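The sequence shown stops at residue 159 when you use my numbering, and every number in between is there.
Just so you know, even glycine gets a beta-carbon here, dropped at the ideal spot from N, CA and C.
Quick caveat: nothing in here was measured; it's all calculated off a predicted structure.
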Amino acid sequence: MIKVLFVCLGNICRSPVGEAIFQKLVNDKGLNSKISVDSAGMAGYHTGEHADSRMRKHALKRGYEITHRARKIRSEDFFEFDYILIMDQNNYHDYLRLDPGKVYRDKVFFATDFAKNRKEKEVPDPYYGGPEGFEHVIDIMEDVAQGLLRDIKEKHDIG
Ligand code: 4NP
């Protein structure tokens with residue numbers, strides 16, 4: 001099983017939609033016995049909550065149902081997961097606090113590293129902005145999902 005973890009700050013906007021988009025792609029390709037997907041937040045303020053209702057609405061309009069409940073990242077996650085996709089530089093600084101020796105650095109990626117058709121270096125936080133911010137996150141994440149699946153297929157024998 002290849003284990004993928006999407007990580008943002010609150011685990012209620014960017015990472016749960018990344019999870020839902022990638023999970024749908026994995027399901028559509030019949031790969032859910034080979035790839036598992038989860039998400040987590042660097043902060044725990046929203047632990048146990050549903051994803052932000054604005055993000056759930058925008059995602060559903062595009063065919064993605066977000067059922068995830070927010071959770072804070074745990075140190076074991078760095079051991080357990082194979083791909084840890086972070087959204088921005090702030091997440092990277094938070095990651096370094098959790099893994100100061102960079103033991104797990106090879107598993108930590110910027111989500112945008114996998115986007116082949118977009119120029120953004122970070123997935124911007126939509127929380128304090130308008131509806132276009134949520135659409136923008138989904139646009140980026142759809143591209144990330146395609147590129148990530150391609151990368152996993154190239155590096156792992158998953159059929
Ligand atoms: P996310 O967005 O990191 O994409 O889930 C945020 C959600 C909540 C907060 C900040 C960003 N917050 O400050 O509560």
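Nearest neighbour of residue i, chosen from the options [CA to CA]
i	options	result
V137	Q146, A145, G130, P126	P126
S39	E49, S33, L31	E49
P124	R14, L5, V7	R14
D94	A43, D77, E120	A43
G18	M1, L149, Y92, E154	L149
V26	I2, R62, K57	I2
S75	S36, L31, V7, S33	V7
Y92	F79, A59, D28, G41	G41
Any non-hydrogen atom of the ligand 4NP within 6 Å of residue i CB
i	result
I86	no
L5	no
Y95	no
Y127	yes
I12	yes
Y45	yes
L9	yes
Length of the line joining the Cα atoms of residue i and residue j
i	j	result
P16	R69	8 Å
F110	M87	6 Å
I84	L96	13 Å
D157	N11	30 Å
E120	T112	7 Å
V108	R71	18 Å
Same chain only: Cβ atoms within 7 Å of residue i, ignoring 5 sequence neighbours per side
i	result
N117	D143
Sequence-distant residues of its chain with Cβ nearer than 8 Å to residue i (five each side left out)
i	result
A115	I140, D143, V144, G147
D106	none
Looking at C-beta atoms only, is the number of pairs between the region 56-70 and the region 98-115 that lie closer than 8 Å three or more? no
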